[in-house]
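S.K.:
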């Protein structure tokens, strides 16, 4: 066998192995130039790999914690928005009704009654707020919509008014309706759970919210043509209900303030986590970061070498063929 052929074959085999190694190195360096991080951390860090892995786990845990806090923050923000709607929907109704009742102005009473009915509908709709598949005011029954609407509630209260002997009896029956576990409120109206395990959560059976709905419902049915207007003590009932509506609005303000405390705590925690993330990221980068400009330069050099290797291989193949033909 021709010595040149043997030598050429060995060189071609060696170059093929070299080309394979170059392609592997190019793939790794290309990734490093893109990510800015060493691909083989074990090789790069050697005995410091344990420290890098701990830093990476800390960053992963921190990211998970931030995601939980962001979720809590988003839910609280929607709860606050819903309670704002509840508050704003009833603004001015108590004052209007008081003024109308004191002056015995039936037209104004009817107008305030219609406003209260609209506010009641808006309130119950706002309390059906949902984040993803989770109803925020349903307590632990997060998959249940809290309210189907206001029609059944108004029908129940109208029926109580028709059966009541006077305004005092009407209020006693309403107390049972809204407070008893067997009352109409829990049996027919509120479809959520009265228990809320989430410390940030608030359900629509909260005293402030329940009081707001109760007072709006009474005023909704307090027009001159309603059954409530026929009760002895009607004027006193409407006056006291209007004052209670103002008080429930204040209670909702206090509830929102309590939720605001949770929001601030979450914001503080997120700020603290952001500071921790900055420190941990810097530490992790010091261990694992690859200079992208340096990697890009190395990549260019490797590609040039690979191209030259291909050319040499091609020339050797041509020489081998010529030698064989000669």
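In UniProt numbering, the protein residues as written are 1 to 326. Don't be surprised by glycine CBs; every beta carbon is placed ideally from N, CA and C.
Starting from the C-beta of residue 150, find all residues in its chain whose C-beta is less than 7 Å away, skip the five residues before and the five after it, and write them out in chain order.
M.R.: Translated into positions along the chain shown, residue 150 becomes position 150. The answer, listed in chain order, is 120, 121 and 124.
S.K.: Beta-carbon within less than 6 Å of residue 214's beta-carbon, same chain only, minus the 5 sequence neighbours each way: which residues are those?
M.R.: Within the chain shown, numbered from 1, the residue matching residue 214 stands at position 214. Excluding sequence neighbours, residue 214 sits near 178.
S.K.: Decide if the segment 83-90 is in contact with the segment 242-254; the criterion is three or more beta carbon pairs, one per stretch, under 8 Å apart.
M.R.: yes
S.K.: In this structure, does DSSP put residue 131 in helix, strand or coil?
M.R.: As a first step, residue 131 must be located in the chain shown, where it is residue number 131. Strand, per DSSP.
S.K.: Under a Cβ-count criterion, where at least 16 other Cβ atoms within 10 Å of its own Cβ denotes burial, should residue 133 be classed as buried or exposed?
M.R.: Within the chain shown, residue 133 is the residue found at index 133, counting from 1. Counting Cβ neighbours within 10 Å, residue 133 comes out exposed, since fewer than 16 surround it.
S.K.: Taking the alpha helix (DSSP H) that residue 227 falls in, what are its first and last residues?
M.R.: Residue 227 sits at position 227 when you count from the first residue of the chain shown. Premise fails: residue 227 is in no alpha helix (DSSP H) and is neither H nor E.
S.K.: Taking buried to mean at least 16 other C-beta atoms within 10 Å of its own C-beta, is residue 257 buried or exposed?
M.R.: Position 257 of the chain shown, counted from the start, is the residue given in the question as residue 257. Exposed, since its Cβ has fewer than 16 Cβ neighbours within 10 Å.
S.K.: From residue 266 to residue 128, what does the alpha carbon distance come to, in whole angstroms?
M.R.: Stepping through the chain shown from its first residue, residue 266 is reached at position 266. Stepping through the chain shown from its first residue, residue 128 is reached at position 128. Those two C-alpha atoms are separated by around 24 Å.
S.K.: Take residue 136 as the anchor and find which of 202, 276, 94 and 165 has the nearest alpha-carbon.
M.R.: For this step, residue 136 is matched to residue 136 along the chain shown. Residue 202 is the option with its Cα nearest to residue 136.
S.K.: Thinking just about the alpha-carbon of each residue, which of 89, 35, 222 and 188 is nearest to the one in residue 100?
M.R.: Taking the first residue of the chain shown as 1, we reach residue 100 at position 100. Among 89, 35, 222 and 188, the Cα nearest to that of residue 100 belongs to 222.
S.K.: Could you give the residue range of the alpha helix (DSSP H) that holds residue 170?
M.R.: In the chain shown, residue 170 corresponds to position 170, counting from 1. Residues 167-179.
S.K.: For residue 231, which residues from the same chain have a beta carbon less than 7 Å from its beta carbon, with the 5 sequence-adjacent residues on both sides left out?
M.R.: Mapped onto the chain shown, residue 231 falls at position 231. If we look at residue 231 and ignore the five residues flanking it on each side, its Cβ neighbours are 161, 164, 166, 167, 170 and 237.
S.K.: Under DSSP, the alpha helix (DSSP H) around residue 219 begins and ends at which residues?
M.R.: Residue mapping note: residue 219 aligns to position 219 of the chain shown, counting from 1. That run of the alpha helix (DSSP H) goes 207-220.
S.K.: Under the rule that 16 or more other beta-carbon atoms within 10 Å means buried, what is residue 260, buried or exposed?
M.R.: Sequence index remark: in the chain shown, residue 260 carries index 260 (1-based). Residue 260 should be labelled exposed.
S.K.: Inspect the beta-carbon positions of residue 249 and residue 90 and report whether they are closer than 8 Å.
M.R.: Along the chain shown, one-based indexing puts residue 249 at 249. Along the chain shown, one-based indexing puts residue 90 at 90. Against a cut-off of 8 Å, the Cβ pair of residue 90 and residue 249 comes out as a contact.
S.K.: Would you be able to state if there are at least three C-beta pairs under 8 Å between the segment 139-153 and the segment 92-99?
M.R.: Between the segment 92-99 and the segment 139-153 there are fewer than three C-beta pairs closer than 8 Å, too few to call the two in contact.
S.K.: Put residue 326 into one of helix, strand or coil per three-state DSSP.
M.R.: Residue 326 sits at position 326 when you count from the first residue of the chain shown. Low confidence applies here, because residue 326 scores a pLDDT of 46, under 50, leaving its location unreliable; read the following figure in that light. The answer is coil: DSSP assigns residue 326 none of H, G, I, E or B.
S.K.: Which residue from 79, 304 and 296 puts its Cα closest to that of residue 31?
M.R.: In the chain shown, residue 31 corresponds to position 31, counting from 1. Checked all of 79, 304 and 296; the closest Cα to residue 31 is 296.
S.K.: Under a Cβ-count criterion, where at least 16 other Cβ atoms within 10 Å of its own Cβ denotes burial, should residue 199 be classed as buried or exposed?
M.R.: Stepping through the chain shown from its first residue, residue 199 is reached at position 199. Result: exposed.
S.K.: Can you tell me which of 66, 147 and 110 puts its alpha carbon nearest to the alpha carbon of residue 192?
M.R.: Taking the chain shown and counting its residues from 1, one reaches residue 192 at position 192. Measuring from the Cα of residue 192, the nearest candidate turns out to be 147.
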